[in-house]
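S.K.: Starting off with a structure, shown below.
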Amino acid sequence: MNILAIKLRLATETGDFGFQFEFSRGLTVIRANNSSGKSTLFNCLMYGLGMEELIGGKGEKVLPYAVKDYFFQGDVRVEVVASEVFIEIENSTGKCVTLRRAIRDTVRNPKLVEVFDGAHLTAGTVLGTPKPTYLFDSGSAQKQEGFHQFLENFMGYHLPQVATTSGGVTKLYLQTVFAALAVEQKRGWTDYIANIPFFGIRDARIRVTEFLLGLSVFERQAKRSELDAASMAIDTDWRRAYDTLRQAATTNGLVIEGLSGTPTALLDAVTVMFVKSNGKSQTSFVEHVSQIRAEHAELGAKAAAYGKVSGTEALQQLESATAELQRLNVLHERATANLTLQRASLDELRNLLAEANEDLDRNKTALKLRVLGAQMEVEVASDHCPTCHQSVDDTLLFGIVSGPQMDLSTNVEYLESQRRMLQRQINGAQEEIRQSEIAVTDVAGRLAAKHDYRNSLRGDVSTGAAESRAIVRRQIQIELELSNLEAFESQAATLLETLGEVAKRLAANQAARRGLPKDAYGPEDLSRIALFEKNFRGNASSFGYESAEIADIRISLDTLTPILSELELREIRSKVQTSLTADSSASDFVRLIWSYLLALYQTSTMRGFEGHHPGFLLMDEPGQHSMRSSSQHALLQLLSGATRLQSIVAASFDENESVFLEATAGLDFKLIRWEGKIIQRLS
Amino acid sequence: MAEFIAERGHLRFERRPSPVLVEHRPLYKICQLLLVLHLSSRGGKSTLPRLHLFNWALKRTDRIQKLVGAAKAKVLHITAWGFDPAVAIAIRFAIAEELLQTTSTGYQITEKGLSLIAEVLKDPGAFSGERALLKEIGKDITENMVETVARGWESA
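Residue numbers (my numbering), protein chains in the order written: chain L, 1079 to 1761; chain U, 8 to 163.
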């Protein structure tokens, strides 16, 4: 993106004042003496781009009074009635737009940025109908009508989602990226990418650097969160199918065996079994079905022979039914008693877990206390006696209890494993209870059926009817159960199929997860970082950095900032890494910031390593700390030499003609300068 | 088992460290006492029996609930409570650390103790349960109430 021109218009009672400048597509040098309005120009530029948060504020507050309240024209004080900034920008596809943002206006809000098609300032295109966009409303970076969203699209960006310090995710805001592109004078030269506004983004500077260098971390992160979302879906799908299956099984008095309630990739439908349990013994589904079929057939035979049945036989049947009823009664009682016991032990386990949790909390408090105590120089916190300074055990009952004692962190681990164990026991107990409940309902159902059967038999014996009501009743019961079981069987088959598919999805998900690289940066990323390091070193040496041996400077893979891997390696102080912030003289550190910002651009435009640098750099007073003019010259030379980089450098050159000449000698650039104050009558 | 011993010829036992009640960690107990002095004692001062009462009460929820009730009713209906040697040792440590100082009637929290407990209270997770209950009790368990019960012991 290129910034082509800027115009500030102050409407006053005596006509329009302000300024208008055009920028070169290469290097533009704004030469201005101190307090002549250089920062006003720079800040208006930031404001016009909706980037005033980089200067440290929102809205027109960041601008000087001269552009919103009053200014002096000679000795006359002129009140500002209304004021606005125009910025003309062009993107990489050559499309031009003009932005208009009010500073002080009775009608238009400073949060409004109007976007006009065409180059109004440089080509005089007439302002058409604006497209209104807004700043700083919640979602201005996300919604279509947000200005930052517009600018993001205009620049051809697709900003990634990044982690926040509070554990959520947010967009890598455009303003954070601009902090690496526009350096303001007051705080901008205090650190690499110093002015990132606060959005709660974790390690914002690293993220911005990664983004500009085009590292693939974001893609990988997106991939990972995609996989996460997929596994969430897998989990819900599995649970839904499992719950339906379990419910259906429960209604039919069946227990599922060999199927886990949580997703597993290792599902084998053959090993899943449905069993009928009466609390004591178990029969498989198939066996059960064949049993009741056999019973049904037997009953049919009996019914056919019913008319010929003698009273004795009927009595025998009644007796055997009564005996069966008693057996079922016993089973039912046992199953209920068992269930009660299991419930009691579950309660017990839950109590234990609550206690373990409380104990764990207290132990964690104790751990915190040790840290705090050590900070307050309480000797007991470091296991030393406050009186004699000898070491003491971390228990008050030393000497009363014998044998070694756990230290606090071991104790916490111990409690945590105890808690995990209890949790597992609870889960197991819950599963057992569920099975027992099924067994109890099943036995109860059979008990009731048998009871009815016996009553019918009694009726048969007393009435001597031609057709046995008992047999008919039992047959109907069996037929009903059989049809239920058939329905269940087909339902179970479809559900198992679904579960099998889910298991396959899970396996694929897990495989994809394993395929993700473990290190933060892949080989291609590493080569980009290596290139960045090379560029950085090259820049530092051309800027005359001399606080340390340049060959010893590296780019840290943890912070993506330069570090010094110490020369003292020879003195066996191995691996001591100091921050270059601490080890450089003031002006040398500024040289490093130049090198850093420039290296970001250089790396990003290298063929084969294309990153996301938009190709412009704004620097307000880069010559901090009485920078040598030769270093400034080197900077301007590199900037003007970068063919596709637009750079705008505002500097006072120590208000010295010779410094300016030396710094710009032999360079191709566009000069912007003015006499006196920057705010002048517009022609 | 017998085969195993026959095969190996011997058994070796190794004593593993045993867990410690968090109650018996010096700093935990000290801070608990400081908390009682800070939140539930007038002028950060308390007699020894009163400190023991709080220590005993903080060991179980039902006990401390009783104390909450007593603070509201302004009468202490607890006839006796335990005296824990751990408290005595913790107090000795705390005095040596200058977190506590002795007064004519008992113990008082020092400046250093106050600043330590202020740091501790900055973390909402530390002593969360105790803190809430002690605040509920406030400074309403007075020395007089404790004294009245203690007098009963002597006459018996």
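Yeah, the Cβ is synthetic: ideal placement off N, Cα and C, and Gly gets one too.
#1: Assign D1630/L to buried or exposed, taking buried as 16 or more other Cβ atoms, counted over all protein chains shown, within 10 Å of its Cβ.
#2: From L1635/L to L1486/L, what distance separates their C-alpha atoms?
#3: Leaving out five residues before and five after T1361/L in sequence, what residues of the same chain have Cβ atoms less than 6 angstroms from its Cβ?
#4: Touch check for the region 1085-1096 of chain L and the region 1141-1151 of chain L: three-plus C-beta pairs under 8 angstroms?
#5: Using 10 angstroms around the beta-carbon of Y1251/L, count the other beta-carbons present and answer buried if the total reaches 16, otherwise exposed.
#6: Output, in chain order, the set of chain L residues within a Cβ distance shorter than 9 angstroms of A103/U.
#7: Among residues of its own chain, excluding the 5 on either side of Q1758/L, which ones have a beta-carbon nearer than 8 angstroms to its beta-carbon?
#8: Report the option in G89/U, Y114/U, F90/U, D91/U whose CA atom is closest to the CA atom of A101/U.
#9: Looking at the structure shown, is E105/U part of a helix, part of a strand, or coil, going by DSSP?
#10: If you reduce the DSSP assignment to three classes, tell me which class G1128/L lands in.
#11: Give every residue of the same chain whose Cβ lies closer than 8 angstroms to the Cβ of T1400/L, excluding the five residues on either side of it in the sequence, and list them in chain order.
#12: To the nearest angstrom, how far is the alpha carbon of T1349/L from that of D1315/L?
#13: Kindly indicate if chain U contains any beta-carbon less than 8 angstroms away from that of M1499/L.
#14: Shortest alpha-carbon distance to L1293/L belongs to which of T1342/L, A1258/L, P1238/L, S1338/L?
#15: Does the structure place the region 1304-1318 of chain L close enough to the region 1271-1281 of chain L that three or more beta carbon pairs sit under 8 angstroms?
#16: Under three-state DSSP, which class holds F90/U?
#17: Compute the beta-carbon to beta-carbon distance between A1507/L and L1427/L, rounded to the nearest angstrom, for a pair I have assumed lies under 8 angstroms.
#18: Flag F100/U as yes if its beta-carbon sits less than 8 angstroms from any beta-carbon of chain L, otherwise no.
#19: Taking C-alpha atoms, which residue in G1104/L, S1338/L, K1249/L, N1273/L lies nearest to N1505/L?
#20: Are the C-beta atoms of T1287/L and some chain U residue less than 8 angstroms apart?
#21: What separation, rounded to the nearest whole angstrom, lies between the Cα atoms of K1763/L and T1443/L?
#22: Pull the bridge partners of L55/U from the DSSP assignment, please.
#23: Could you please give the first and the last residue of the uninterrupted beta strand (DSSP E) stretch that includes N1080/L?
#24: Run through DSSP, which three-state label would Q1239/L get?
#25: Any C-beta of chain L sitting closer than 8 angstroms to the C-beta of M8/U?
#26: Closer than 7 angstroms by C-beta to Q1395/L: which residues in its own chain qualify, once you throw out the five before and the five after it? Chain order, please.
#27: Sorted by chain position, which residues of the same chain lie with C-beta nearer than 7 angstroms to L1749/L's C-beta, five sequence neighbours on each side aside?
#28: Can a CB atom of chain U be found closer than 8 angstroms to the CB of R1448/L?
#29: For E1735/L, tell me which candidate among T1090/L, N1111/L, L1105/L has the shortest Cα-Cα distance.
#30: Interface residues of chain U around P1482/L at Cβ under 8 angstroms?
#31: Give me the Cβ distance between P1208/L and E1192/L, rounded to the nearest whole Å; I'm assuming they're in contact under 8 angstroms.
#32: Under three-state DSSP, which class holds Q115/U?
#33: With S1546/L and A1381/L assumed to form a contact (beta carbons below 8 angstroms), what rounded beta-carbon distance in angstroms separates them?
#34: Is any beta-carbon of chain L found at less than 8 angstroms from that of H59/U?
#35: Report the three-state DSSP secondary structure of A1517/L (helix, strand or coil).
#36: With a threshold of 8 angstroms on Cβ separation, who are the neighbours of S1718/L within its own chain once the five nearest residues in sequence on each side are excluded?
M.R.: If we stick to the structure as given:
#1: exposed
#2: 35 angstroms
#3: K1354
#4: yes
#5: buried
#6: E1457, V1458, C1463, P1464, T1465
#7: F1095, G1096, F1097, W1752
#8: Y114/U
#9: coil
#10: coil
#11: R1532
#12: 20 angstroms
#13: no
#14: P1238/L
#15: no
#16: coil
#17: 6 angstroms
#18: yes
#19: S1338/L
#20: no
#21: Because chain L here runs from 1079 to 1761, residue 1763/L falls outside it and cannot be looked at.
#22: Beta-bridge pairing links L55/U to no other residue.
#23: 1080-1090
#24: strand
#25: no
#26: L1535
#27: V1107, R1109
#28: yes
#29: N1111/L
#30: R22, R23, P24, S25
#31: 4 angstroms
#32: strand
#33: 6 angstroms
#34: no
#35: helix
#36: G1104, L1105, S1725, L1745, D1746, F1747
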